[in-house]
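Asks:
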Amino acid sequence: MGLPAEISALPATLALAASAVALGLVAGWPAGVACGVFQFAGRRLALALLLLPLLLPSFLFAIGLSMLRLGLRLPDVAPFSGLTGCVWAHGALTTSLAAWGALLAVRGISGSQADAALIAGGEATLWRAALRLAWPSALAGALLGGAIAAGDSGPGVLLGWPTAAGEILAAFAARYDFAEAVRRSLALGAVTLAAALAVARSGAFALETAVTARDPSRAFARRVSPFGRTAGLAVCAIALLICLLPLAGLLLPLLRATDFVRAWSEVIRTLGPTICYSLGAGLIACAAAWPLAAWAHRRYRRERWLLVVMLALLALPAVLPALGWVRLANAAPAVLDPLVRGRFAVALILALRLLPVAFVLALRRWSAMPRSWRDAAALHGVPRIALLRRIVLPHQLPGIALALGLVALLAAAEVTIVLLLHPPGAASLPLAIFTIMANAPEALVASLCLCYVAPVLLAALALPHAFSALR
Amino acid sequence: MSALLQLDRVNKSFGATPVLRDFSLAVSPGENVALVGPSGCGKTTLLRLIAGLDAPQTGRIIIDGRTATDGPRIILPPHTRGVAMVFQDLALWPNLTARENVLLGLAGQHLSRTDAQHRADEALARCRAADFADRKPAALSGGQQQRVALARAFAVRPRLLLLDEPFTALDETLAGSMLAETAQLAISFSATLVLVSHRADDARALSCRVAPVEIPA
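Below, the structure is given as structure tokens:
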């Protein structure tokens, strides 16, 4: 008797995850450092493009690569399919996470630290120092992306590379054996969790430093120089090649034909559930993350361990909490059906999945609030309610708004959880794209993708600005 | 004359690191005191203990004849001790104007709205901060922020004003003149000053008694 398919697919899964991590590090690490150190033309667009893989489901990158290959009339070989295709699709996410991890770390450099590096050896020294400083964050980001890739079934199924998550989903779809799917997911979850915990433990320390840095000195001004311009060109090339090219493939069929009428009706049909799931997830995640971060911040041991747990939670396969909830819902009495089988349940599990994102932002915001504000309030007898209403909330609100928006965008991109939990007739827009892409005409799929990608790109352009305002 | 502030064999440590060991001090009303010592010797911790923002492991703190802290027990909450403090980072609430900062600082005084506004305006005027009372801290210079922080502290009519190196960002001449001005304000508000500093010049500018604080061996 042979091994179960998902076990025999483990080496392929690990090869995919390792390659995606390598690509993420090679491309994302220097790109993030360059965006942090230099000011160059196209920086904002490059940052927005590097944000897209976080905000869009991975299957869109896989379909984009497929459509690009078809549009360019290329054979079904590397680099558009198989392992290289999957690495490209998942590499967008690892590159994005590594780049943003590096950028976050580099933005912690103070003006005087940058000046010291420049005096010591000019721009080359500053560049090398920034690279060394950003290494742990970039590595943690890339490894986290790799763990997510290992638990993601989409690109593997679409581009013909057998991954463990893909095999589990295929077996579940064929036999609908729920208990077996849970067992297999747990087995895969245990593998990714072991890897994720190892990553998370070291990553959390780097992340904690980046997130809770309380450097009151003047911020480091990005440099404008010929080397910076060259680095900027490289960053733009990386962002275009890794993040935009697969998405361009999605839109290629629009050159031949469009079907915006049907696409628009599909958007209208799915708009309500999409907003409900995404905003609901954002609200629940923020409602949980802010008190949790308030409880943990400045208690360093607690802070670090919570970050470890959060990073591990993010790295677990999305299918796991969804299947767990389905099992819980099956065991719950019928009277609870509206709660455990409705839209709220989808929002709740999405919120649980994305809680780490809200938690990190909450921790950063709490850390930016000096302890002396509360001390002064205590000394002057300011009532707790007045302190909360007049000092704490106004300070926290921009962070809450950013976390809500970011979690909502990420939740809107999540397909697996919505696929398993959504009530009948209440699919989200990405799920609608995922469901119809195999049978619908290319023009409709491309039109739908444009309806989805365009607003996300606009949001991605605004997010880095909103994030830097919180520094 | 009985002491306004008395610290009796106060011990404080963070984990295994002792910060204050058997520290005792008595301050009479109107007698300004400068706690001078190197960085990391526990000066700020001492002020936090006096203010009731933190508690020692052992020892007693008596303010105005009342036991405020007895060992790890905080008996009098911070806002009932008749103590105000100007923090090292000034701790101005950034989303409120200077006047609102002073007004919110009066929340624990249970004054009517009119009385509170009168008290805030008077404190701002006496600290020469009235001209920029409607501006938020970010729109003020460092010196102006310090005046607002002083106004917030004096507005509560404290018997004891704790100054946690609030003027270290200024050059020595300017810091000296700010300290001298603060000492004059303290006389006019009938407050006693306890200043924390690592600069002996600050104590001279304040013409006050110097109490050394040392790092425990």
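From first to last, the protein sequence lines are chains A and B.
For what it's worth, the numbering used here labels the leading residue of the first sequence as 1, then goes sequentially.
For what it's worth, the numbering used here labels the leading residue of the second sequence as 472, then goes sequentially.
Note that the Cβ used here is the ideal one computed from N, Cα and C, for glycine as well.
1. Which same chain residues end up closer than 7 Å to A:R214 when comparing Cβ atoms and leaving out the 5 residues on each side of it in sequence?
2. So B:L645 packs on B:A654, CB below 8 Å; how close in whole Å?
3. Along chain B, which residues have their Cβ under 7 Å away from the Cβ of A:P383?
4. Taking only beta-carbon positions, decide if B:V665 is within less than 8 Å of chain C.
5. Flag this pair as touching only if the region 70–84 of chain A and the region 221–237 of chain A have three or more C-beta atom pairs under 8 Å; answer yes or no.
6. Just tell me which of A:L354, A:R365, A:T435, A:R107 has its CA closest to the CA of A:A293.
7. Classify B:D560 as helix, strand or coil using the three-state DSSP reduction.
8. So within the region 549–607 of chain B, which uninterrupted alpha helix (DSSP H) runs reach at least 4 residues, ignoring any that extend past its ends?
9. Answer yes if the region 43–60 of chain A comes into contact with the region 124–134 of chain A, meaning at least three C-beta pairs across the two stretches below 8 Å, and no otherwise.
10. Hey, would you say A:S153 sits closer than 8 Å to A:Y277, going by beta carbons?
11. Between A:R214 and chain B, is the shortest Cβ-Cβ distance under 8 Å, so that the two count as touching?
12. Shorter than 8 Å from the beta carbon of A:A466 to some beta carbon of chain B?
13. Using alpha carbons as the reference points, say which of A:L25, A:W100, A:P253, A:T84 lies closest to A:L143.
14. Could you pull out every unbroken alpha helix (DSSP H) segment of at least 4 residues lying fully inside the region 60–121 of chain A, listed in chain order?
15. Under 8 Å between the Cβ atoms of B:V667 and B:T515?
16. Can you tell me the Cβ-Cβ gap for A:R341 and A:A426, rounded? I've got them flagged as a contact below 8 Å.
17. Leaving out five residues on either side along the sequence, give the residues of the same chain with a beta carbon under 6 Å from the beta carbon of A:D337.
18. Can you pull out the residues from the region 621–644 of chain B whose beta carbon lies closer than 8 Å to at least one beta carbon of chain A?
19. Mind the definition here: the region 577–588 of chain B touches the region 604–612 of chain B only if three or more C-beta pairs lie below 8 Å; say whether that holds.
20. By Cβ distance below 7 Å, which residues in the same chain neighbour B:E685 in space, the five residues on each side in sequence not counted?
21. Distance cutoff 8 Å, beta carbons only. Does A:H297 sit that close to anything in chain B?
22. Could you tell me the alpha carbon to alpha carbon distance between A:T527 and B:W564, rounded to whole angstroms?
23. Could you tell me which chain B residues have their CB closer than 9 Å to the CB of A:R390, listed as they occur along the chain?
24. Can a CB atom of chain B be found closer than 8 Å to the CB of A:D152?
25. Give the interface partners of A:P370 over in chain B, defined as CB-CB distance under 9 Å, in chain order.
26. Just by C-beta distance, which residues in the region 533–549 of chain B are closer than 9 Å to chain A?
27. Please check if any C-beta of chain B sits within less than 8 Å of the C-beta of A:P394.
28. Spell out whether any CB of chain A is found under 8 Å from the CB atom of B:V490.
29. Buried or exposed: where does A:P216 fall if 16 or more other Cβ atoms within 10 Å of its Cβ makes it buried?
30. Mind pulling the chain A residues with CB within less than 7 Å of B:A522?
31. Based on the DSSP secondary-structure assignment, which residues constitute the bridge partners of A:T258?
32. I believe A:A62 touches A:L158 by the beta-carbon criterion, under 8 Å. Please report the beta-carbon distance rounded to the nearest angstrom.
Replies: Let me lay it out:
1. With a pLDDT of 49 at A:R214, under the threshold of 50, the modelled position of this residue cannot be trusted; read the value that follows with caution. Hits under 7 Å: S367.
2. At roughly 15 Å, the Cβ-Cβ gap does not stay under 8 Å, so B:L645 and B:A654 are not in contact.
3. Against A:P383, the close residues of chain B are A578, in the order they occur along the chain (beta-carbon pairs closer than 7 Å).
4. Given the protein chain composition of this structure (A and B), no chain C is represented.
5. Judged by Cβ distances under 8 Å, the region 70–84 of chain A makes no contact with the region 221–237 of chain A, as fewer than three pairs qualify.
6. For A:A293, the nearest C-alpha among the options comes from A:R365.
7. B:D560: coil per DSSP, three-state reduction.
8. Counting only runs of 4 or more, we get 569–576, 584–597.
9. Not touching, per the Cβ criterion.
10. A:Y277 is positioned such that its CB atom lies no closer than 8 Å to that of A:S153.
11. The pLDDT assigned to A:R214 is 49, lower than 50, so where the model puts this residue is not dependable; a value taken from the coordinates is nonetheless given after this. No - not a single Cβ of chain B is within 8 Å of the one on A:R214.
12. Output row for A:A466: interface = no.
13. Ranked by Cα distance from A:L143, the options A:L25, A:W100, A:P253, A:T84 are led by A:L25.
14. As far as the region 60–121 of chain A is concerned, its whole alpha helix (DSSP H) runs of at least 4 residues are 82–106.
15. Against a cut-off of 8 Å, the Cβ pair of B:T515 and B:V667 comes out as a contact.
16. At roughly 11 Å, the Cβ-Cβ gap does not stay under 8 Å, so A:R341 and A:A426 are not in contact.
17. Listed in chain order, the non-local C-beta contacts of A:D337 below 6 Å within the same chain number zero, local neighbours out to five positions each way being set aside.
18. Within the region 621–644 of chain B, the residues whose Cβ lies closer than 8 Å to any Cβ of chain A are, in chain order, R623, V627.
19. Contact annotation: the region 577–588 of chain B does not touch the region 604–612 of chain B, with fewer than three C-beta pairs closer than 8 Å.
20. Contacts found: G508, C512.
21. Cβ-Cβ to chain B under 8 Å: no for A:H297.
22. Absent from the structure is residue 527 of chain A, since the part of chain A shown begins at 1 and ends at 471.
23. Here the neighbours are W564, N566, L567, E571, L575.
24. Chain B contact via Cβ: absent.
25. The contact set of A:P370 on chain B, defined by CB atoms closer than 9 Å, consists of F558, D560, A562 in chain order.
26. Result list: P548, P549.
27. At least one chain B Cβ lies under 8 Å of A:P394.
28. B:V490 does not count as touching chain A.
29. Caution applies to A:P216, whose pLDDT of 46 falls short of 50 and renders its modelled position unreliable; the model cannot decide the point.
30. Simply L379.
31. Its beta-bridge partners do not exist; DSSP assigns none.
32. Cβ-Cβ separation between A:A62 and A:L158: approximately 4 Å, consistent with a contact (criterion under 8 Å).
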